[in-house]
Amino acid sequence: MKHLPIAKTEIKQLIEENFCYVDKTKFIKQLIDDRHRYYFLSRPRRFGKSLFLDTIRAVFAGEKELFKGLYIEKKWNWNIKYPVISISFGGGTVKNTEELQASIKFSLKIIAEEYNVTLSENYIAKRFFELIIKLFEKYKQPVVILVDEYDKPILDNLIEPNVDKIREELSSFYSVLKDASKYIKFVFLTGVSKFSKTSIFSKLNNITDISLEKKYADICGYTQNDLETVFADYLHDVNLEKVKKWYNGYNFRGNSVYNPYDVLMFLWNKEYKAHWFKTGTPKFLLELIKQRKFYIPRLKEIKVSDSQLDEFDIKNIQLEVLLFQTGYLTIDKTINIRDKIIYKLKIPNLEVQYGLNDYLMNYFYAAMFESYQRTGLSEALYYAIEDKKPEDLEKAFHTNGLQKTT
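Numbering (our numbering), first residue to last: 356 to 761.
Written out as structure tokens, the structure reads:
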């Protein structure tokens, strides 16, 4: 019986240590066959982006032994090996440009040491350029560049005054990808949001955004078939319809998919909980909902255009789009109106519905009544609504700190 790959993001470990693995290598072959060099993929956090990037790394690095029996095994030229620069912004939080520069410099140092090359440039962008050129010259092959969570430093500081400086630093860093194009074989970046003012999109105008391309809709996440085949040994006595209602429902213009983290945590403890939601709801999202006085029931009737979902500006953040990109909303229906695509959005599943309601209620209630005892408020409200007893609603609020007013 294979192990559940909870928090595993390296394909080598999954394959060699007998973990369950959902084969996504057909998408790597498809990306190469499409003959675009620069790709971008947006997906919510904990959706399998890091593992997919590491799988791309292993393919280009020629680690053939890891792909025995997988889709790409006999469809790839394993005799050619490419140098790979793999950078992740997913770990930790940077609070200013100094921390960002130190983080990038450290990542480039580790990669340079791995390939036994020496870097002399001090400025971050030039150091990045230097690494690309030296790998190209040493290995006589163009370089593969993978960047995971490219936008996390921006998201971590989205409502902070220094966000512009962090954005500018990243803009300078990513602009190297265009300047060094003749030394590059393949680029793949992942993130949550597509910021219109970040140079990776404003200057690198030939990047292909596959986030809502139908043929790449399942590139991350588990389909129903993945759940029922790869994890079949864990499904004894499991109510699949209930699991589907709780954790399926994410749609990127293809099959509805599960968030992998939810599936793995549920199969591990067989408890219906808000597993993904509890791993961290960004504070800036709650602050924006509060600042905009967003009417929560509107979440059931939101419609946005394809151009709105495509990107947004830091200075003019559309909350509906941010809710979609961060995974709290997903596509329900696609509507064509005079050759214009409109997306009707929805909350994807019960986990997000319960988690969002609970979190928002506790967040705003705590902000108003910090000095009062709030234990049990959400449960009391749920029971009162379920039992259709308005008098219990009033009692719950009064008991937990909300005084009766006239």
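By construction, the Cβ of each residue, glycine as well, lies at the ideal position given by its N, Cα and C atoms.
Leaving aside the five residues before and after P508 along the sequence, list all residues of the same chain whose C-beta is less than 7 Å from its C-beta, in chain order.
F444, V449, L455, I521 and L525
Could you give the first and the last residue of the continuous alpha helix (DSSP H) run that contains F407?
K404 to F415
DSSP state of N610 mapped onto helix, strand, coil
Of the three classes helix, strand and coil, the one that applies to N610 here is coil, per DSSP.
For I383, the nearest candidate out of E371, R398, Y426 and L715 (CA to CA)
Y426
Mind checking which residues open and close the beta strand (DSSP E) that includes T685?
Unbroken beta strand (DSSP E) run through T685: T685 to I692.
Taking only beta-carbon positions, decide if N614 is within less than 8 Å of chain D.
Of the protein chains in this structure there is only one, and it is not chain D.
If I follow the unbroken alpha helix (DSSP H) through D617, where does it start and stop?
Element bounds for D617: P615 to N624.
Exposure of Y616, with buried meaning 16 or more beta-carbon neighbours within 10 Å:
buried
Buried or exposed: R400, going by 16 or more other Cβ atoms within 10 Å of its Cβ?
Around the CB of R400, 16 or more other CB atoms lie within 10 Å, so the residue is classed as buried.
Scan the segment 435-509 and note each continuous beta strand (DSSP E) run of 3 residues or more that stays entirely inside, going in chain order.
Whole beta strand (DSSP E) segments, 3+ residues: 439-443 and 498-503.
Within a Cβ cutoff of 8 Å, which residues of the same chain sit near F528, ignoring the five residues on either side of it in sequence?
Result list for F528: I459, I479, A480 and F483, in chain order.
Taking 8 Å as the threshold, find out whether the segment 483-498 comes into contact with the segment 530-537 through three or more Cβ pairs.
yes
Please state the DSSP three-state secondary structure of S536.
helix
Of the residues L590, D592, F586 and Q579, which one's Cα is nearest the Cα of K599?
Among L590, D592, F586 and Q579, the Cα nearest to that of K599 is on Q579.
Could you tell me the boundaries of the alpha helix (DSSP H) in which I366 lies?
I366 to E371
Between the beta-carbon of L684 and the beta-carbon of R647, is there less than 8 Å?
No Cβ-Cβ contact shorter than 8 Å links L684 with R647.
Paired residues, beta bridge with N671 - DSSP:
D668
Does D742 pass the burial test, meaning 16 or more other C-beta atoms within 10 Å, or should it be called exposed?
exposed
Near K597, which residues of its chain fall below 8 Å by C-beta distance, leaving aside the five closest residues on each side in sequence?
Closer than 8 Å at the Cβ level, and outside the excluded window around K597, lie Y627.
Return the CA-CA distance between D665 and K549, expressed in angstroms with no decimal places.
7 Å
Does the structure place the segment 435-442 close enough to the segment 489-503 that three or more beta carbon pairs sit under 8 Å?
yes
Cα separation between L711 and I644?
When rounded, the distance between both Cα atoms is 12 Å.
Range of the contiguous beta strand (DSSP E) that encloses Y393:
Y393 to S397
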